[in-house]
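If you use full-length UniProt numbering, the sequence shown corresponds to residues 1 to 132, in order.
Idealized CB from N, CA, C, for every residue including glycine.
Each remark here refers to the structure printed beneath this line.
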Amino acid sequence: MSGKLILLIDHEASVRAILQVCLSRLGGWDVLSVSSLSQGLEVLMLKEALLIRRPDAILLDMPMLATDGLGVIQEFRNHPLIQPIPIVLITAKASWFSPQQLKQMRIVGAIAKPFNPIKLPKQITDILNWES
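Following this line, the structure appears as structure tokens:
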């Protein structure tokens, strides 16, 4: 195990289950998964309050635009303890975001759904510049 912790935020239970297995078994990472942006923010704040390790990365599903996903990303980015955590979008709308928009939102990368579960850990490793 690499000791890395990924906070996974996805509203679909079946996708979370697939991602959980893929990231933990194939990627070797610890994964904490939640179903909403607000739960993700709560987890991050709780970890801060309890002095528990922060995630090394956030993998964020992005059809949550209806629930103001971009606003929550901005909130994450404005919080001094969450700000340095890299965010990777996983979305069926990956083509909606140009590299300039991702950079402006301080998102390190986007992975398109549907994704290949076998290739996903490598994609994340590459985006985050982690050693495999």
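Query	Result
For SER33 and ILE9, what's the separation of their Cα atoms in angstroms?	6 Å
Taking the straight line between their C-alpha atoms, what separation do you get for VAL21 and LEU7?	14 Å
Let me confirm a value: PRO55 is counted as buried when at least 16 other C-beta atoms fall within 10 Å, else exposed. Which label applies?	buried
Which two residues bound the contiguous beta strand (DSSP E) that contains ILE118?	Per DSSP, ILE118 belongs to no beta strand (DSSP E) and is neither H nor E.
What would DSSP say about PHE97, mapped onto helix, strand or coil?	coil
In the DSSP output, which residue or residues are listed as bridge partners for ASP126?	For ASP126, which the question treats as bridged, DSSP gives no partner whatsoever.
For GLY40, is the classification buried or exposed, using 16 other Cβ atoms within 10 angstroms of its Cβ as the cut-off for buried?	buried
Can you give me the Cβ contacts of LYS113 inside the same chain, cut-off strictly under 7 Å, excluding the 5 residues immediately before and after it?	ILE90, THR91 and ALA92
Please name the residue in ARG25, MET45, PRO84 and GLN101 whose C-alpha comes closest to that of LYS119.	ARG25
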